[in-house]
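> In full-length UniProt numbering, the protein residues as written are 1 to 50. Got a structure for you, written out below as structure tokens; questions coming shortly.
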């Protein structure tokens, strides 16, 4: 039980770090999606001009 309580304490103390990683992952995913959409839009635009 002591190990479980220690693990729980470590999780609580690491919560801000875990949230920061989740936020960074979400931000990265959003940026990748935006770049992909812009790339696809540019490719379509280039195709129209051919």
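Cβ atoms here follow ideal geometry from the backbone N, Cα and C, with glycine treated the same way. If you're wondering where the values come from, they're calculated on a predicted model, not measured in any experiment.
Name the two residues that bound the continuous alpha helix (DSSP H) containing residue 10.
Residue mapping note: residue 10 aligns to position 10 of the chain shown, counting from 1. Unbroken alpha helix (DSSP H) run through residue 10: 2-49.
> Could you tell me the distance, in whole angstroms, from the CA atom of residue 34 to the CA atom of residue 1?
The sequence position of residue 34 within the chain shown is 34, counting from 1. The sequence position of residue 1 within the chain shown is 1, counting from 1. Distance between the alpha carbons of residue 34 and residue 1 is about 47 Å.
> Look at the alpha carbon of residue 12 and the alpha carbon of residue 39, and state the distance between them as a whole number of angstroms.
Counting from 1 along the chain shown, the entry for residue 12 is found at position 12. Counting from 1 along the chain shown, the entry for residue 39 is found at position 39. A direct Cα-Cα distance of roughly 41 Å separates residue 12 from residue 39.
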